[in-house]
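Going down the list, the protein sequences come from chains E and S.
Just so we're aligned, residue 3 is where the first sequence starts under the numbering used here, counting upward by one.
Just so we're aligned, residue 159 is where the second sequence starts under the numbering used here, counting upward by one.
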Amino acid sequence: MLTTFTHPDLSPDAVASVLTAAGFEVTAALPSHRVVLDTFDGRLSAAGLRLEHHRTDEMSLILRDATGAPPARLVGATPPRWPAGLPAGPLRTRVLAVTMERALVPLLNVRSQVHRAASRDRRGKATVVAELHEAVDGDGGTTWLLEVHPVTGHDDDDRRITTRLLSLGFESHHGDVATVVAAMRGVSLVGTSSSPTVALDPKEPALAGFRRVLGNLASTIEANRQGTIDDIDEEFLHDLRVAVRRTRTVLKEGKGVLPAPVRHRFQEVFGRLGQQTGPARDLDVYIVGWDDYVAPLGLTADPGLTKVRAEIERQRAAAHRTLSKILASDESRHELDEWRAWLEDTTLEASSSRSLGAVVAKRIERAQEKVLTDGRAIGPDAPGERLHDLRKDTKRLRYLLECFGSLFPSEDRKAFVNQLKDLQDNLGAHQDAEVHLAQLRSLAHDLHQRSVVDTDAVLAMGRLSDQLERVRAEERAAFAARFARYDRKRNRRALQALLDEVRHG
Amino acid sequence: VKTIATYSIKGGVGKTTTAVNLAAEADRAGVRVLVWDLDPQGAATYLLRVRPKVRGGSRRLVSAKGALAEHVRGTDLEAVHVLPADFSLRHLDVHLESTREPTRRIAALLDPVRDLYDLAILDCPPSISLASESVFGAADTLLVPVVPATLASRTLAQLTAFLDDQRDAPSVSPFLSMVDRRKRLHRELVDSLGSTWPELLTTTVPAAAVIERMGVERAPLGHYAPRSPAARAYRRLWDEVAAGLWD
């Protein structure tokens, strides 16, 4: 485990002298640039991994964990945006297993002048290694930091230098230079969470709880806005869109709790934003699901389908450009600022004395009733729209359970949400196939009109259309069993128990 | 963790220099490596500048499962750790004999450290013994340096014949080592071995004074002669080996 030392009084030259006196060879300074990389939501950090790009006399990508394993370093690598673009090997495998579809973004840059130092045994092997970073841009001023790397099997040497430094008034900090600089600058290296859950008290006034939930969702929208504008990866739009939908649900369920003019105004704002984000997100899902659609056809490299995919990608890029303009506009900025101002207004008083727990329990009960009524009414011949409506019902229920999640016992809530998710997966796959089928037909028509495709592509679109229809029909056929599984007495009782807890709790 | 063993029945064919140079290439390729020096001469230990000391000797090393980590030492290659050898390993066969399932013992000893490394390189002594069988039980691939000599093909045939009778035997990847293209015999054997052994890797490591200097420099070739033909050959050998392990 790396340790970084600071000292309130000593200069870098004095630190170098301390190291020399302790038997270290200290090299001349080299310019150093370190970048901490992670996904926006901190997946590497959550998995106990730290990925840094170092540039000194050579470039390398370094992956560390806290297990006592040696670091993995890929020499010559440039900072990757997509882990899939790294050379094949264990480092790529380990990173990809955690980041999956997300891009890597720089969370922190540290520039300095670095002196390398090592204490060696009589065989000439390093037994402790250190790096003295000078001119580090910390909290506005420049400072220095001493990073000490223990060498496996040489614990005594590490203890010796640590004891020596502490006896001279050095302060030790857990972690490497980047960890210390992040703390100095107030930068988080654990990523940005899009979790809708905030701390709530069932006995607090409902207005306060609703505003806190909406405030957290507004922060998620804000956090993912720039990444969506820059189109870094599709998860920014996904998280922004989900936060918008959750906001709409909470606004809708806030009838009698939130002031009516505010509710109506922002239901319109977020309803519009939801519609504006739809086309780009649908096309994202199309691209992400493309391999799954195409693989069963055995046509991954089919030239006709390659042209179709290229056209979908072109449309996706156009949809994202349109969305970026909307999100970056003054109008959008103003609306979000206006929303934030209302959420942060400390002069507001609740017009109702109802407690949060009672209101939320009632709303969830109603949402569950709607899911059960609508779901039970869907027979084998019911049109697709009825499944779409049911999907909206399940989303409403799920968002309420998640946004007000801290009111419920965590494990019981998660267990119930998993049952709901099982039903949602079926409804989602059915709707995705329907949407993509409609898009494909529209695309085929459009391409044919513009005469930009050849026979191969038309035939390929026919095959893909058949495959999408198969997926749609399979999911439709699976619905009855999935819904029956959700509509079990055990599940219904589990939700009732959760609601009773909140009402009385 | 993937496990390769640099192995040959013959001595002086370049096993240890291969183990150390491949470890150095792996170090730069994002691979976390454990080099296990199983040769009582401790040449890999020496080249990596590690003290040749196995606490408690080979008896303790092979006796208690889970104890491997206490013997591991860091090296000057940041991603490479080494399990050093000392002279007590000359009794490795005897000590393996006294364990349960001696031919699976090395694999079992590696189990507790599997998550810490991506690659284990077992540097083996020149022999065919109980320790060798235990190596065969642990390795995915035997990397066999073959010196162009008239008996080379026969020695390789003996090894593959032996492995054919083993359950879960590792694959064998021979490659030509210490090749001197100025010698007519070497050139002829290089050509003929390639047609006899389709598994033969395409990389040929030359006989070179710069490789012999490793004993003086106590460092892999990449550290003191990175542009030498020999260093380039080991880089190509690593690419070939890594492609077989991870592509």
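Glycine residues also receive a C-beta, built at the ideal position from the N, C-alpha and C atoms.
Beta-carbon gap between residue i and residue j smaller than 9 Å
i: I279 of chain S; j: A187 of chain S; result: no
i: R57 of chain E; j: D67 of chain E; result: no
i: L242 of chain E; j: T279 of chain E; result: yes
i: L205 of chain S; j: R390 of chain S; result: no
i: P303 of chain S; j: K173 of chain S; result: yes
i: A310 of chain S; j: L267 of chain S; result: no
i: V183 of chain E; j: P108 of chain E; result: no
i: H292 of chain S; j: L334 of chain S; result: Residue 292 of chain S is actually Ser in this sequence, not His. Result no, Cβ atoms of S292 of chain S and L334 of chain S do not sit closer than 9 Å.
i: A181 of chain S; j: V238 of chain S; result: yes
i: V296 of chain E; j: Q469 of chain E; result: yes
i: R36 of chain E; j: S114 of chain E; result: yes
i: V208 of chain S; j: R190 of chain S; result: no
i: A388 of chain S; j: V374 of chain S; result: no
i: D195 of chain S; j: L235 of chain S; result: no
i: F26 of chain E; j: V116 of chain E; result: no
i: T5 of chain E; j: S174 of chain E; result: yes
i: T348 of chain E; j: W146 of chain E; result: no
i: V171 of chain S; j: M372 of chain S; result: no
i: A262 of chain E; j: P382 of chain E; result: no
i: L300 of chain S; j: V252 of chain S; result: no
i: L277 of chain S; j: L403 of chain S; result: yes
i: P198 of chain S; j: R248 of chain S; result: yes
i: D284 of chain E; j: Q451 of chain E; result: no
First through last residue of the alpha helix (DSSP H) which encompasses residue i
i: P303 of chain S; result: Here P303 of chain S belongs to no alpha helix (DSSP H); instead the beta strand (DSSP E) covers 299 to 304.
i: E291 of chain S; result: 288 to 296
i: Q316 of chain S; result: 310 to 322
i: T308 of chain E; result: 305 to 330
i: K372 of chain E; result: 358 to 378
i: K173 of chain S; result: 173 to 185
i: K416 of chain E; result: 412 to 451
i: P108 of chain E; result: Taken as a continuous stretch (DSSP letters only), P108 of chain E belongs to no alpha helix (DSSP H), being part of the beta strand (DSSP E) at 107 to 122.
i: W292 of chain E; result: 262 to 296
i: F212 of chain E; result: 208 to 232
i: A486 of chain E; result: 457 to 488
Terminal residues of the beta strand (DSSP E) in which residue i lies
i: H176 of chain E; result: 173 to 176
i: S353 of chain S; result: Where S353 of chain S is concerned, there is no enclosing beta strand (DSSP E), although the alpha helix (DSSP H) it sits in stretches over 342 to 354.
i: A391 of chain S; result: Run containing A391 of chain S: none in the beta strand (DSSP E); it sits in the alpha helix (DSSP H), 387 to 404.
i: M336 of chain S; result: 329 to 337
i: H229 of chain S; result: That residue, H229 of chain S, is in no beta strand (DSSP E); it is neither H nor E in DSSP.
i: S34 of chain E; result: 32 to 40
Other residues of its chain near residue i: CB distance less than 7 Å, five sequence neighbours each side excluded
i: R118 of chain E; result: T29, E133
i: V112 of chain E; result: R36, V138, V179, A180, V183
i: R166 of chain E; result: A24
i: F212 of chain E; result: V252, G256, V259, L260
Close beta carbons around residue i, own chain, < 6 Å, minus the five adjacent residues each side
i: P152 of chain E; result: D160
i: D233 of chain E; result: H322
i: G295 of chain S; result: T261, R262, A265
i: S386 of chain S; result: V368
Cutoff 9 Å: residue i Cβ touching any chain S Cβ
i: L63 of chain E; result: yes
i: V116 of chain E; result: no
i: G87 of chain E; result: no
i: T99 of chain E; result: The residue you asked about is not Thr; residue 99 of chain E is Ala in the sequence shown. No, no contact with chain S.
i: A128 of chain E; result: yes
i: A475 of chain E; result: no
i: T29 of chain E; result: no
Cβ of residue i within 9 Å of any chain E Cβ
i: N236 of chain S; result: The residue asked about is misnamed: residue 236 of chain S is Glu in this sequence, not Asn. Interface residue, yes.
i: D426 of chain S; result: In the structure as shown, chain S begins at 159 and stops at 405. Residue 426 of chain S is therefore absent and cannot be evaluated.
i: Y382 of chain S; result: no
i: W404 of chain S; result: yes
i: R376 of chain S; result: yes
i: G232 of chain S; result: yes
i: L277 of chain S; result: yes
i: R262 of chain S; result: no
i: D273 of chain S; result: yes
Other residues of its chain near residue i: CB distance less than 8 Å, five sequence neighbours each side excluded
i: D489 of chain E; result: L374, G377, R378
query: Between the region 418 to 438 of chain E and the region 384 to 398 of chain E, do three or more beta carbon pairs fall short of 8 Å?
result: Three or more Cβ pairs drawn from the region 418 to 438 of chain E and the region 384 to 398 of chain E lie within less than 8 Å of each other, which places the two stretches in contact.
- prompt: Quick check: the region 214 to 221 of chain E against the region 371 to 382 of chain E, are there 3 or more CB pairs under 8 Å?
  reply: Too few Cβ pairs lie closer than 8 Å, so no.
message: If contact is defined by three or more beta carbon pairs under 8 Å, each pair taking one atom from either stretch, is the region 353 to 373 of chain E in contact with the region 254 to 267 of chain E?
response: Proximity of the region 254 to 267 of chain E to the region 353 to 373 of chain E meets the contact definition, three or more beta-carbon pairs being nearer than 8 Å.
- prompt: Using 8 Å as the threshold, is the region 302 to 311 of chain E in touch with the region 456 to 468 of chain E, meaning 3 or more CB pairs across them?
  reply: Here the region 302 to 311 of chain E makes contact with the region 456 to 468 of chain E; the two share three or more CB pairs at distances below 8 Å.
- request: Decide if the region 305 to 321 of chain S is in contact with the region 347 to 364 of chain S; the criterion is three or more beta carbon pairs, one per stretch, under 8 Å apart.
  value: Contact between the region 305 to 321 of chain S and the region 347 to 364 of chain S is present, because at least three Cβ pairs lie under 8 Å.
- request: Evaluate contact between the region 96 to 103 of chain E and the region 79 to 87 of chain E, counting only Cβ atoms and requiring at least three cross-stretch pairs below 8 Å.
  value: With the rule of 3 Cβ pairs closer than 8 Å, the region 96 to 103 of chain E counts as touching the region 79 to 87 of chain E.
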